[in-house]
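These notes concern the structure reproduced below.
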Amino acid sequence: MIVVAVLFLFLLQIRAGLIVSAAIPLSMLVAIIGMRQFNISANLMSLGAIDFGLIVDAAVIIVENCVRRLSQERHRLGRALSGQERRAAILAASVEVRKASQFGEILIIAAYLPIVSLVGIEGKMFRPMGLTVILALSGALVLSLTLIPALCAIFLKEGKSPQTARTEGEMEEENPVVRRLQRLYVPVLEFTLRHRGLTISIALAIVIACGALATRLGSEFLPKLEEDALAINAARLPGVSLPESVNMTNSMEQALQEVPEVTETVTRIGRPQIATDPMGINLSDTYVLLKPREEWTSAASREELVEKMEAKLKELPTMAYTFSQPIEFRMMELIEGVGLLRYRHQDLRGGP
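Residue numbers (our numbering): 10 to 361.
This is how it looks when you write it as C-alpha cells:
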C-alpha cells in the first residue's frame with residue numbers, strides 16, 4: 010500500500026501504482042519457487058533482507074517513463090491515442106530506460122553474490138538470505154522487461170491534451186510535488202554540471218576517505234558476541250560412576266567460584282537418550298555467569314579470564330575441558346559437532 014501511495018503521489022495515477030505493486034507478489038512467487046528448489050526454509054534469516062523497494066525499482070522506472078511518453082504523445086497529437094500508437098509509445102518508453110533498469114537490478118544482484126560464497130557459521134546463517142534476495146531480484150528483473158510493459162499497454166491512460174483540458178474547463182498542470190522537488194534539484198544539477206572538476210574531486214575525496222576508514226575496520230565477517238557468560242564442557246572417563254561424576258563437578262564449580270569475576274555456576278550432567286544430543290554421565294555442561302565487564306578485577310579480557318580458570322582447573326584430575334560461550338557453543342555444536350574457544354586435555358588414563 011505504501012508503494013501505491015507513493016507512486017500515486019508522484020504520478021497521480023492509481024493504475025501506475027497498482028501495476029508496479031503487481032511486481033511484488035510475483036517476484037516473491039519466483040523467490041519461493043527457487044527456495045523450494047534449493048531447499049531453503051522460509052524464516053527470518055532467509056526473508057528478512059528482502060526490500061520491496063529494491064524489487065519494484067526497475068518497474069518504477071519503466072512505468073514512470075511510460076506515463077511520461079503517453080502524455081507527451083497525446084499532447085503532441087492533440088487527441089486520444091489509438092491502440093497501435095499506445096503500444097508503440099510504451100515500447101519506445103520501455104526500450105529507452107531498459108539499460109538503466111537492468112543495470113540497477115544487476116548491480117544489486119552482484120552485491121549479494123559474495124554472500125553466497127561464505128562458509129562456516131557465516132555461510133549457514135547468511136547464504137539462504139543471499140540466495141533468496143538474488144532469486145527475488147532476478148524475478149523482478151524478468152517481470153520488468155515482460156509483464157510490466159504489457160500491463161502498461163493495457164491499463165495505463167494518457168494525460169489529457171491541452172485542447173481537451175480547455176474544452177472541459179480544466180488546465181492540466183505539472184505534479185505540484187514534482188515541481189517543488191525540481192526547484193531544489195535543478196539548481197544543484199546545474200551547479201554540478203558547471204563545476205565538474207569540483208564535483209569529481211569531492212567524490213574522489215569521499216572514496217579515498219572511505220578507503221582509509223576501511224583499513225581500520227575489522228576483517229571478521231561475523232564477530233564473536235560477548236555473552237557475559239562462559240560454557241565449559243567437561244569430559245571424564247566413560248566408565249565413571251554418577252556419584253563420582255557429581256563429586257568431580259562440585260570440585261570444578263568450587264574452583265571456578267574462586268575466580269572474582271564469577272557470580273554463579275550451574276552444571277548439567279548427562280542428558281536423556283531421547284534428547285536431540287544425548288550425553289552420558291561422563292559429560293557435563295557448566296554455565297558460568299560473570300559480573301559486568303566494568304567490575305572485573307583479575308582479568309582484562311575474556312581470553313585472560315579463561316586462562317585463569319584453566320589454572321584453577323589444572324588441579325582437578327582426569328578431565329578434558331572445552332571453553333566457549335552458551336549461544337556460541339550450541340551454534341557450533343549444531344553445525345560442526347563441537348564448539349571450541351580454547352581446549353585443554355589432561356591424561357584420562359589415571360581416572361577412577
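Even for Gly, the Cβ is constructed at its ideal location relative to N, Cα and C.
Q. Within 10 angstroms of its Cβ, does N291 collect 16 or more other Cβ (buried), or is it exposed?
A. Along the sequence shown, read from residue 1 onward, the residue named residue 291 stands at position 282. Burial call: buried.
Q: Provide the residue span of the beta strand (DSSP E) that contains L299, from first to last.
A: Numbered from its first residue, the sequence shown carries residue 299 at position 290. Run containing L299: L292 to L299, per the beta strand (DSSP E) assignment.
Q: Compute the beta-carbon to beta-carbon distance between G113 and A67, rounded to the nearest angstrom, for a pair I have assumed lies under 8 Å.
A: Here the question's residue 113 lines up with position 104 in the sequence shown. Here the question's residue 67 lines up with position 58 in the sequence shown. Contact flag correct, Cβ pair sits at about 6 Å.
Q: Determine the direct distance from the alpha carbon of A244 to that of G348, and round the result to whole angstroms.
A: As a position in the sequence shown, residue 348 is number 339, starting the count at 1. As a position in the sequence shown, residue 244 is number 235, starting the count at 1. Its pLDDT being 45, under 50, G348 is placed unreliably in this model, and the value from its coordinates should be taken loosely. Between the alpha carbons of G348 and A244 lies a distance of about 14 Å.
Q. So T224 is in the alpha helix (DSSP H); what residue range does that whole segment cover?
A. Counted from its first residue, the sequence shown places residue 224 at position 215. T224 -> no alpha helix (DSSP H), and no H or E assigned at all.
Q. Is DSSP giving L246 helix, strand or coil here?
A. The residue labelled residue 246 in the question sits at position 237 within the sequence shown. Three-state result, L246: coil.
Q: Within the same chain, show all residues whose beta-carbon is closer than 7 Å to that of L265, passing over the 5 residues directly before and after it, in chain order.
A: The sequence position of residue 265 within the sequence shown is 256, counting from 1. Closer than 7 Å at Cβ, skipping near neighbours: V271, T274, V297, M318 and K321.
Q. On the three-state DSSP scale, how would you describe S333?
A. Position 324 of the sequence shown, counted from the first residue, corresponds to residue 333. Strand, per DSSP.
Q | Unbroken stretches of the alpha helix (DSSP H), 4 residues or longer, contained in the region 57 to 130 | A | 61 to 64, 66 to 86, 92 to 105 and 107 to 125
(Q) Please state the DSSP three-state secondary structure of R277. (A) By one-based count along the sequence shown, residue 277 stands at place 268. Residue state, collapsed to three classes: strand.
Q: Would you mind reading off the limits of the alpha helix (DSSP H) that contains F47?
A: Taking the sequence shown and counting its residues from 1, one reaches residue 47 at position 38. Careful: F47 lies outside any alpha helix (DSSP H) and carries neither H nor E.
Q) DSSP puts A264 in a beta bridge; with which residues? A) Here residue 264 refers to the residue found at position 255 when the sequence shown is read from its first residue. None, per the DSSP bridge assignment.
Q. Relative to the alpha-carbon of L156, which residue among I23, S103 and A97 has its alpha-carbon at the smallest distance?
A. Looking up residue 156 in the sequence shown gives position 147. Comparing Cα-Cα distances from L156 to each of I23, S103 and A97, the minimum goes to S103.
Q) Of the choices E303, K166 and E253, whose alpha-carbon is the least far from that of M328? A) Residue 328 sits at position 319 when you count from the first residue of the sequence shown. It is E253.
Q) L234 by DSSP, collapsed to three states: which one? A) Reading the sequence shown from its first residue, position 225 is the one you call residue 234. L234 falls in the coil class under three-state DSSP.
Q: Let me know if R175 comes out buried or exposed under the rule of 16 or more other beta-carbons within 10 Å of its beta-carbon.
A: In the sequence shown, counting from the first residue as 1, residue 175 sits at position 166. Here the model assigns R175 a pLDDT of 40, short of 50, so the residue's position is not dependable, and the following value carries that caveat. By the neighbour-count rule (16 or more Cβ atoms within 10 Å), R175 is not buried but exposed.
Q) Is there contact between the region 85 to 98 and the region 110 to 128, where contact requires at least three CB pairs shorter than 8 Å? A) no
Q.
Counting only C-beta atoms, is Q111 closer than 7 Å to chain B at any point?
A. No chain B appears in the structure shown, which is made up of a single protein chain.
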